[in-house]
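K.L.:
Encoded as structure tokens, here's the structure I'll be asking about.
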Amino acid sequence: MDERSRDTENQRFYVLEKTLVRSRPVRRKKLQNFFNNRITKSQLKDLKYKQFEPLYQLWLEYYESLMNLAAYPDDRLLKADYHGCLFMVTDALNPSQIGLAGILIRETRHTFQLITKADKLITIPKEGTTFQFVFKNQVITLFGDGFKYVFR
Numbered sequence: 001m002d003e004r005s006r007d008t009e010n011q012r013f014y015v016l017e018k019t020l021v022r023s024r025p026v027r028r029k030k031l032q033n034f035f036n037n038r039i040t041k042s043q044l045k046d047l048k049y050k051q052f053e054p055l056y057q058l059w060l061e062y063y064e065s066l067m068n069l070a071a072y073p074d075d076r077l078l079k080a081d082y083h084g085c086l087f088m089v090t091d092a093l094n095p096s097q098i099g100l101a102g103i104l105i106r107e108t109r110h111t112f113q114l115i116t117k118a119d120k121l122i123t124i125p126k127e128g129t130t131f132q133f134v135f136k137n138q139v140i141t142l143f144g145d146g147f148k149y150v151f152r
């Protein structure tokens with residue numbers, strides 16, 4: 001028995017058949033949203049309106065420079081960045097949203113998220129909603145349906 005075990009120890013086995021490596025389908029990674037990764041739901045409750053007042057002042061400066069550059073301001077209304085703008089909902093499919101106002105802190109493809117003076121984060125759908133804001137004593141009206149397909 002000792003001789004047999006010695007023989008098997010010294011033997012080498014070679015595989016002469018080619019092995020097939022199955023190609024696995026490439027899994028698409030889920031797109032990560034910067035806002036979702038950085039701020040948790042518990043932190044969303046801690047957001048304060050006063051934190052975004054400086055953003056509103058910056059937005060006023062930005063919007064003024066944007067309107068000074070445009071020969072036809074209507075062309076730039078849909079492409080402007082409204083993060084920091086003080087929006088008011090004047091018409092909506094949901095009547096309970098009419099009259100809500102706040103600073104825009106997040107825009108998604110179909111919604112705006114505003115923070116109100118009562119430190120509440122509200123989500124307003126763009127579809128069927130009319131927004132207004134005041135700039136240099138002019139009331140500017142934006143239709144949410146126009147923003148539905150414009151995502152920056």
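Numbered according to UniProt numbering, the sequence shown spans residues 1 to 152. Every residue gets a Cβ at the ideal spot worked out from N, C-alpha and C, and that includes glycine.
1) According to the neighbour-count rule (16 or more other Cβ atoms, all chains shown, within 10 Å of its Cβ), is Tyr82 buried or exposed?
2) Which of the three DSSP states, helix, strand or coil, is assigned to Gln51?
3) Can you give me the C-alpha to C-alpha distance between Ile122 and Leu69, rounded to a whole angstrom?
4) Restricting to Cα atoms, I'd like to know which of Lys117, Trp59, Asn94, Gly99 is closest to Phe135.
5) So, for Leu142: in the same chain, excluding its five sequence neighbours on each side, which residues have a beta-carbon less than 6 Å away from its beta-carbon?
6) Spell out a yes or no on whether the region 42-49 and the region 19-31 are touching, meaning 3 or more CB-CB pairs, one atom from each, closer than 8 Å.
7) Is it right to say Leu114 is buried, meaning 16 or more other beta carbons lie within 10 angstroms of its own, or is it exposed?
8) Enumerate in chain order the residues of its own chain whose CB-to-CB distance from Lys126 is below 8 Å, with the five nearest sequence positions on each side excluded.
9) What residue from Ala80, Leu77, Lys117, Gln43 has the CA that sits closest to Glu53's CA?
P.N.:
Based on what the coordinates show:
1) Stepping through the sequence shown from its first residue, residue 82 is reached at position 82. Result: buried.
2) Here the question's residue 51 lines up with position 51 in the sequence shown. Gln51: helix per DSSP, three-state reduction.
3) For the purposes of this step, residue 122 is taken as residue 122 along the sequence shown, with counting starting at 1. For the purposes of this step, residue 69 is taken as residue 69 along the sequence shown, with counting starting at 1. Their Cα atoms are separated by approximately 33 Å.
4) Reading the sequence shown from its first residue, position 135 is the one you call residue 135. Selected option, being the one with the closest Cα: Trp59.
5) Taking the sequence shown and counting its residues from 1, one reaches residue 142 at position 142. Within the same chain, Leu142 has close Cβ partners Phe131.
6) In short, these stretches do not touch, since the Cβ pair count stays below three.
7) By 1-based counting over the sequence shown, the position of residue 114 is 114. Buried, because 16 or more other Cβ atoms sit within 10 Å of the Cβ of Leu114.
8) For this step, residue 126 is matched to residue 126 along the sequence shown. Result list for Lys126: His110, Thr111, Phe112, Gly144, Asp145, Phe147, Lys148, in chain order.
9) Counting from 1 along the sequence shown, the entry for residue 53 is found at position 53. Checked all of Ala80, Leu77, Lys117, Gln43; the closest Cα to Glu53 is Lys117.
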